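Counting from 19, one number per residue, gives the positions in the sequence shown under the working numbering. Note that the Cβ used here is the ideal one computed from N, Cα and C, for glycine as well. Quantities reported herein were computed from a predicted structural model and do not represent experimental measurements. First the structure, in the form of structure tokens, and then the observations on it.
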Amino acid sequence: MARRKIPLYGKILIGMVLGLVWGLSAQGLGLADFTDDWIKPFGDIFIRALKLIAIPLVIVSLIDGVSNLSDVAKLSRLGGKTIAFYLSTTVIAVTVGLLTVNLIKPGTFLSSERRDQFREQYASDINLKVETVDAQEKGPLSIIVDIVPENLFSSLSDNTNMLQVIFFAILFGVAMMMSPKEKVAPVKSFFQGANSIILSIVDIIMRYAPLGVFALLASMRIDVELVKTLGVFSLSVVLALAFMAFVVYPGILRLFAKVRFVPFMKGILPAQILAFSTSSSAATLPVTMKCVENNLGVSEEVSSFVLPLGATINMDGTSIHQGVSAVFIAQAFGIALNLEQQLTILLTAVLASIGTAAVPGAGIIMLIIVLQSVGIDPAGLALILAVDRPLDMLRTVVNITGDAVVASVVANSEDKLDAEVANDPTTTIDAH
Numbered sequence: 019m020a021r022r023k024i025p026l027y028g029k030i031l032i033g034m035v036l037g038l039v040w041g042l043s044a045q046g047l048g049l050a051d052f053t054d055d056w057i058k059p060f061g062d063i064f065i066r067a068l069k070l071i072a073i074p075l076v077i078v079s080l081i082d083g084v085s086n087l088s089d090v091a092k093l094s095r096l097g098g099k100t101i102a103f104y105l106s107t108t109v110i111a112v113t114v115g116l117l118t119v120n121l122i123k124p125g126t127f128l129s130s131e132r133r134d135q136f137r138e139q140y141a142s143d144i145n146l147k148v149e150t151v152d153a154q155e156k157g158p159l160s161i162i163v164d165i166v167p168e169n170l171f172s173s174l175s176d177n178t179n180m181l182q183v184i185f186f187a188i189l190f191g192v193a194m195m196m197s198p199k200e201k202v203a204p205v206k207s208f209f210q211g212a213n214s215i216i217l218s219i220v221d222i223i224m225r226y227a228p229l230g231v232f233a234l235l236a237s238m239r240i241d242v243e244l245v246k247t248l249g250v251f252s253l254s255v256v257l258a259l260a261f262m263a264f265v266v267y268p269g270i271l272r273l274f275a276k277v278r279f280v281p282f283m284k285g286i287l288p289a290q291i292l293a294f295s296t297s298s299s300a301a302t303l304p305v306t307m308k309c310v311e312n313n314l315g316v317s318e319e320v321s322s323f324v325l326p327l328g329a330t331i332n333m334d335g336t337s338i339h340q341g342v343s344a345v346f347i348a349q350a351f352g353i354a355l356n357l358e359q360q361l362t363i364l365l366t367a368v369l370a371s372i373g374t375a376a377v378p379g380a381g382i383i384m385l386i387i388v389l390q391s392v393g394i395d396p397a398g399l400a401l402i403l404a405v406d407r408p409l410d411m412l413r414t415v416v417n418i419t420g421d422a423v424v425a426s427v428v429a430n431s432e433d434k435l436d437a438e439v440a441n442d443p444t445t446t447i448d449a450h
């Protein structure tokens, strides 16, 4: 009988548990210095690898994704509605996440001594960056002005200028879409190939994740206080995800599609189960399409356009997680982010969601972009990696639910929605 391989998420969970055990016991066993010298560097390598791939992933994913929207030119009305609703729900999602984390303040559950320790360990230059931002006299539109780069190569050399990189990538992709197809075909093929290669690099890095997670957690001084704080952080994320799923989405469905939420949730349930188990919008896409068409009454013409696009640019759950995580890490460092910095988080999370690959682990790389956009050391990811996997499963469910909501709304606006099926889905399909 063939031995069953442990899936990657299982290995990451094992690395997480071992790292927690090591971190809890290292201090008492006198292994703190050994851990810092011989184990922590492997965690640093993991973070460096994630930072290394962040800009290339954004550039090739965005250029490839935007340039693939050539159908939007042909289906301008359908494409315009789809993109408008996707961007709107993403903005709402990030806003919900930011409001939740600012109300609950999970990072403040750490003692001031512990926050000072994290500040010293992970954020030695944050004060300088925050003072630099605060010292600059900013106009009301300065955040928009700062998005446009003066020098692309200068922007590429500093991950804190990620919004400028995103702006250029979108501009490049739109220009490709507007250019004659025969002339840009070689360039398009290059970015498609490059995107495949970059995703393979992401896969390689994530294979190293169990060791990286172990090293990062082992080198932290873990105690009951930190575990409690992570619990409050997780609760903040779950509450924001639940608000999006059970308050915002029902309102959108009722307002724009005249679809009742309970039948909608029954119809999309098989896809939600698969999304929860795989943490991948892309892997769930075929089942999502079947559920939306067969159980929610959306025409194939709409679902075949809206849902694949949603798997690429609509990441409501991931955006919530990024907003909550960025502010939580800043709170844990004892840094109070001002309004402009939180608006930067919102903009970066929305734009970065367009380039987020619909595979497990890609959200962490996008979170690095969000963190660095406001000058927070991404090594602070060590604080949340221990609980990232279960939260990833939940946010993927919200991601694909948002896709189905927008598909229903767009179908209704195009008279391509069977209202009887949508409001009474008596037949469901198997998630497999």
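- Contiguous alpha helix (DSSP H) elements confined to the segment 187 to 237 occur at 199 to 225 and 227 to 236, taking only those with 4 or more residues.
- Of all C-beta pairs linking the segment 386 to 399 to the segment 337 to 351, three or more are shorter than 8 Å, placing the two stretches in contact.
- In the DSSP assignment, Val-345 falls within the unbroken alpha helix (DSSP H) covering 334 to 350.
- The Cβ neighbour count for Ser-129, taken over all protein chains shown within 10 Å, is under 16; the residue is labelled exposed.
- Shown here for Ala-293: same chain residues with a beta carbon closer than 6 Å to its own, the five before and five after excluded, namely Thr-302, Thr-414, Val-415 and Ile-418 in chain order.
- Within 10 angstroms of the beta-carbon of Asp-406 lie 16 or more other beta-carbons, which makes it buried.
- In the displayed model, Leu-364 falls within a helix according to three-state DSSP.
- The C-beta distance from Leu-259 to Gly-335 rounds to 6 Å, short enough to meet the 8 Å contact threshold.
- In its chain, beyond the 5 residues on either side, Met-262, Asp-334, Ser-337 and Ile-338 have a beta carbon closer than 6 Å to the beta carbon of Ala-111.
- For the pair Ser-172 and Ile-219, the Cα-to-Cα distance works out to about 24 Å.
- If you draw a straight line from the Cα of Tyr-226 to the Cα of Phe-64, it comes to about 7 Å.
- Between the segment 301 to 321 and the segment 280 to 288, the count of C-beta pairs closer than 8 Å reaches three or more; the two stretches touch.
- Judged by DSSP in its simplified three-state form, Leu-128 adopts coil rather than helix or strand.
- Note on Gly-33: 16 or more other CB atoms within 10 angstroms of its CB, so buried under the neighbour-count rule.
- Secondary structure in the segment 22 to 74: the alpha helix (DSSP H) runs of 4 residues or longer, each lying completely within the stretch, are 26 to 44 and 50 to 56 in chain order.
- Excluding the 5 residues flanking it on each side, Gln-359 has same chain C-beta neighbours closer than 6 Å at Val-392, in chain order.
- Counting along the chain, the unbroken alpha helix (DSSP H) around Ala-437 starts and ends at 437 to 441.
- Our two residues, Val-231 and Asn-430, have alpha carbons roughly 45 Å apart in a direct line.
- Here the alpha carbon of Pro-408 sits roughly 29 Å from the alpha carbon of Ser-322.
- A direct Cα-to-Cα measurement between Glu-319 and Ala-329 gives close to 16 Å.
- With fewer than 16 other CB atoms across the displayed protein chains lying within 10 angstroms of its CB, Lys-23 is exposed.
- A straight-line Cα-Cα distance of about 7 Å links Leu-248 and Ile-402.
- Across the structure, Ile-162 and Thr-362 are spaced so that their CA atoms are roughly 10 Å apart.
- Note: Val-316 is bridge-paired with Leu-435 in the DSSP secondary-structure output.
- Setting aside the 5 residues that flank it on each side, Phe-251 is surrounded in the same chain by Pro-124 and Phe-346, each with a C-beta closer than 6 Å to its C-beta; the list follows chain order.
- Inter-segment contact for the segment 200 to 213 and the segment 39 to 58 is absent: fewer than three beta-carbon pairs are separated by less than 8 Å.
- The beta carbons of Leu-287 and Met-307 sit no closer together than 8 Å.
- Rounded to the nearest whole angstrom, the C-alpha separation of Leu-357 and Leu-70 is 29 Å.
- When rounded, the separation of the alpha-carbon atoms in Ala-212 and Ile-222 is 15 Å.
- A Cβ-Cβ separation of about 16 Å leaves Val-277 out of contact with Ala-289 under the 8 Å criterion.
- In this model, Asp-410 and Ser-297 are separated by some 6 Å (Cα to Cα).
- Met-196 sits exposed, since fewer than 16 C-beta atoms from the chains shown fall within 10 Å of its C-beta.
- For Leu-355, no alpha helix (DSSP H) encloses it, and the DSSP letter there is neither H nor E.
- Just so you know, the alpha carbons of Gln-182 and Leu-68 end up roughly 19 Å apart.
- Nearest C-alpha to Leu-369 among Lys-99, Thr-108, Leu-42 and Trp-40: Thr-108.
- In this structure, Ala-275 keeps its C-beta atom at 8 Å or more from the C-beta atom of Ile-57.
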